[in-house]
Amino acid sequence: MARVYIFKRFERFWHWAQAALIITMLLTGFEVHGTYKLFGWGKAAEIHSTAAWLLMGLWVFAIFWHFTTGEWRQYVPTTHKMIDVALFYAFGIFKGEHHPYLKTSNRKHNPLQRVAYLGVKLFINPLIWITGLFYLFYNQLVAAGYVGLTLGTIALAHTFAAFLMLLFLIVHVYLGTAGHTPTAHFKAMITGWDDDVNDEPQGAKAQ
Amino acid sequence: MKMIKQALVMIATLAFMTPAISNNAPETPQPNPKLLKSTADHSKFKELQQTFDSGPAVTKACLSCHTEAAKQIHLTQHWKWEYRNPDSNQLLGKKHLVNNFCTSVTSNYKACASCHIGYNTDGPNFDLTAENNVDCLVCHDQTGKYKKPSGFAGNPVTKDTEFPPGSGKIVKGINLSEISQKVGKTKRQTCGTCHFYGGGGDGVKHGDLDSSLDNPDKDLDVHMAKDGLNFSCATCHKTEGHQVPGSRYSVTAMDKEGAHMRGKADKSNPATCQSCHGQTPHKKEAKLNDHTDKLACQTCHIPAFARGDVPTKMSWDWSTAGKRDEKGKPLVVKNDEGHDIYLGIKGDFVYEDNVKPEYYWFNGKVKYTLSDDKIEKANQPIWISKFEGSADDGKSMIWPVKLFRGKQPFDAENKTLTINHLAGADDSAYWTNLNWDKAIAAGMAAAGKPFSGKYDFIETAAMWPITHMVAPKDKAVGCAECHTSKGRLEKVDGIYIPGRSRDHFGLLETGGWALVGLTLLGVVGHGIGRIATAKKH
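So the sequences go chain by chain: P and W.
Quick note on numbering: my numbering labels position 7 of the first sequence as 7, and the sequence is numbered without any gaps.
Quick note on numbering: my numbering labels position 351 of the second sequence as 1351, and the sequence is numbered without any gaps.
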């Protein structure tokens, strides 16, 4: 085990900015949806739209970053040790066992993380993004001759995606406490340095 | 040093000269406060320098110069009290409608004609062709002194007259010569003499038109404000050849055209909001423009009607009329504010002010229940006038509406609304005798309609478009008043309103939140498990 600089500066900025924006959008989004009153509907809608543009801008940068740095490979799904990791969270964690997945800087996500993050990036995010843009520009689309899903259906899909994002957020934050110490993952995500990393890359088979 | 001195002298000289230069600049033309807008001073016309003993005598003088005016008036609803709706083919207008206020003009012309722009309007067959019977003064009076008292068939009274005869009450005569010499353009007060007092009193009928608009402040009407834009009615109801546009008998519910421009031929209704403001009037908050495809401007910009401290009548129950006080006179009951809430001659009323409108899809077509239409008590309330439209007909907008409820007589055997004889000195008028049998029989006879002799009361409702009393933009209806559950638009179907829970898909809501709850429970349980087991290791 070694202390390794695992999260680059942009990656950390992207992560936390995205976290703040997603929490803001969940808070305001469910108010716009009519679940509760918090900021007042008009204000909530305004914040929600502004945050949406910021988040989309951030995603453009993040996508660019992932492809130019090759970091996208971190999210290629694998079944290697997937059962072990699942069993660890179900049982081993209560017995004081060490996490079965030994991370290295070029494969820093365990197989469950990989599949979860990939799901967020390839399913939840695009669904929110596309339904959100349809929602925002519904009038202009209709004026331009669009005849497709009604606003109600678009809103339904958008809300569905929001629920998925909320579920992800809850589990993600909780598993953040499940490092070798409760704060280890948070520290790593803030400073970039993780002291529970294998300095020897694992065998190529693991890819 | 010398150069500095010279420079200082130059600057000082220039400083002195500058005011002189600006004084010599060409003046921007300032309007002369004494400048008359009109090219004619009617007090200088010989034709008007005479004593007029009747309205038609004045009109005769008017028409000696304004030769075509009466012919123009003869083409209007104001004159004919009749309008055939080209879509429904229904014959409408005051001459034909039965409403749920005083119900019908038919046998009550001498009273109702106070609001006809004509003289000698003494019955349903009043002379439609008489040019001298056109009442110029009621619209063009500038003095506020012109009056057409009830009971005189639309005629002004020029000599003090006892009315009703033998009552000892004197109707004062007015000086038509003075009034005629001061005529001018129509203004809020002239239109208001009738349109503010429809239904028998100030603000009674429309809800968005009452005497508070004589001199409104900006909060009450952003366009008519006396210290602001100071619009008259005709600023929007832009009239040519006496043909006033913007009738509620043929409403422009949806106007998809741009703002009108000088020099450009525009055939569309000039009284709509869009005819000045266009389709995208919201500059600062562009998202608001996304509402203009479904919402009439009035829906947000008129947050409430009867906002000028003049309450409007919201319901009228004729079925309770007929009570007398201990002296045998028709009973009068007033509320704390001095408004009648019960009259022996009329029944029970409800007055309200600052009323939030009801909202309906409206495509501009209004279906009336006319005196020949069959009605059933099972279908109460009977719609005296009902706005048509729906979310998906492509022609409708969500409109604010005054819903006026009534309960009025109908023929229980022939199943029709009745024509009721109310006003008049005769024995059969309801307001004289409080006897429905006689009043209905006389009314139906005047209308030439059959009456079975059996009457009952039936609940009715009428829709009135709310379009006046436009508030300043900071007083417009806020987002959260509709984007919520149980909000202003709760009952409006066929549209998805973000924030309105009746539009939610129940399964997603319950499933989503159940899953969120279970997940929270799961992580909390997992966490407790970790804490509990951590001590063992």
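Beta carbons: idealized from backbone N, C-alpha and C, even for Gly.
All figures in this text were calculated on a predicted structure; none of them were measured in a lab.
Exercise. Since Asp-196 (chain P) is in the beta strand (DSSP E), which residue starts that stretch and which ends it?
Worked result: 193-197
Exercise. Is Trp-1081 (chain W) buried or exposed, if buried means 16 or more other CB atoms sit within 10 Å of its CB?
Worked result: buried
Exercise. Identify the residues that DSSP records as bridge partners of Phe-91 (chain P): which are they?
Worked result: Answer is none; Phe-91 (chain P) lacks a bridge partner.
Problem set entry | Spatial neighbours of Ser-1604 (chain W) in its chain, beta-carbon cut-off 6 Å, leaving aside the 5 residues before and after | Any question about residue 1604 (chain W) goes unanswered here, given that chain W covers just 1001 to 1537.
Exercise. Can you tell me the Cα-Cα spacing of Ser-49 (chain P) and Lys-1486 (chain W), whole angstroms?
Worked result: 25 Å
For this session: Following the continuous alpha helix (DSSP H) through Thr-68 (chain P), name the residue where it begins and the one where it ends.
Result: 41-69
Problem set entry | DSSP state of Asp-1122 (chain W) mapped onto helix, strand, coil | coil
Exercise. Would DSSP call Glu-1358 (chain W) helix, strand or coil?
Worked result: strand
Exercise. Out of P:Phe-7, P:Phe-39, P:Leu-54, P:Trp-65, which has the shortest C-alpha to C-alpha gap to Ala-17 (chain P)?
Worked result: P:Leu-54
Exercise. In the DSSP assignment, what are the bridge partners of Phe-1305 (chain W)?
Worked result: W:Val-1355
Exercise. Where does Phe-163 (chain P) fall in DSSP's three states?
Worked result: helix
Exercise. Since Lys-1060 (chain W) is in the alpha helix (DSSP H), which residue starts that stretch and which ends it?
Worked result: 1055-1065
Exercise. Could you give the uninterrupted runs of the beta strand (DSSP E) lying entirely in the stretch 114-150 of chain P, keeping only those of 3 residues or more?
Worked result: none
Exercise. In chain order, what residues of the stretch 21-33 of chain P put their CB closer than 9 Å to some CB of chain W?
Worked result: Glu-31, Val-32, His-33
Exercise. Along chain P, in chain order, which residues have C-beta atoms closer than 7 Å to that of His-1483 (chain W)?
Worked result: Trp-41
Problem set entry | Same chain, Cβ closer than 7 Å to Phe-39 (chain P), five either side skipped, listed in chain order | Thr-28, Glu-31, Ile-47
Exercise. Ordered along the chain, which non-local residues of its own chain (more than five positions away) have a Cβ less than 6 Å from that of Val-1183 (chain W)?
Worked result: His-1042, His-1140
For this session: Note down, in chain order, every chain P residue with its Cβ under 8 Å from the Cβ of Ser-1501 (chain W).
Result: Gly-34
Exercise. For the alpha helix (DSSP H) that Ala-20 (chain P) lies in, which residues bound it at each end?
Worked result: 9-33
Problem set entry | For Asp-1411 (chain W), the first and last residue of its enclosing beta strand (DSSP E) | 1397-1411
Problem set entry | Residue interval of the alpha helix (DSSP H) (run including Thr-1533 (chain W)) | 1506-1534
Problem set entry | Min CB distance Thr-1533 (chain W) to chain P below 9 Å | yes
For this session: Round the Cβ separation of Arg-1188 (chain W) and Cys-1233 (chain W) to the nearest angstrom and send it over; I've been treating them as touching at under 8 Å.
Result: 6 Å
Problem set entry | Supposed contact pair Gly-1512 (chain W) and Phe-163 (chain P) - C-beta distance, whole angstroms, cut 8 Å | 4 Å
Exercise. So with Cβ pairs under 9 Å, would you call Asn-1289 (chain W) a contact of chain P?
Worked result: yes
For this session: Note down, in chain order, each residue of its chain lying with its Cβ closer than 6 Å to the Cβ of Ile-1021 (chain W), except the 5 sequence neighbours on either side.
Result: Because Ile-1021 (chain W) carries a pLDDT of 47, less than 50, the predicted location of this residue cannot be relied on, and no value is offered for it.
Problem set entry | Local Cβ density within 10 Å of Tyr-5 (chain P), reported as buried at 16 or more and exposed below that | exposed
For this session: Buried or exposed for His-1301 (chain W), please, with buried defined as at least 16 other CB atoms from any protein chain shown within 10 angstroms of its CB.
Result: buried
Problem set entry | Contact set between the stretch 155-176 of chain P and chain W, restricted to residues whose Cβ is under 7 Å from the partner | Ala-155, Leu-156, Thr-159, Phe-160, Phe-163, Leu-166, Leu-167, Ile-170, Val-171, Tyr-174
Exercise. What are the start and end residues of the alpha helix (DSSP H) that includes Arg-1188 (chain W)?
Worked result: 1188-1195
For this session: Give a yes or no on whether 9 Å exceeds the smallest Cβ distance from Phe-94 (chain P) to chain W.
Result: yes
Exercise. With C-beta atoms as the reference, is Tyr-1249 (chain W) less than 9 Å away from Leu-1075 (chain W)?
Worked result: no
For this session: Check the C-beta distance from Arg-12 (chain P) over to Ile-190 (chain P) and give it rounded, since I have them as a contact under 8 Å.
Result: 7 Å
For this session: Examine chain P for any beta-carbon lying closer than 9 Å to the beta-carbon of Asp-1411 (chain W), and answer yes or no.
Result: no
For this session: Look up Ile-6 (chain P) in the DSSP assignment and give the residues it is bridged to.
Result: For Ile-6 (chain P), which the question treats as bridged, DSSP gives no partner whatsoever.
Exercise. Cβ atoms of Val-85 (chain P) and Val-1523 (chain W): under 9 Å apart, would you say?
Worked result: no
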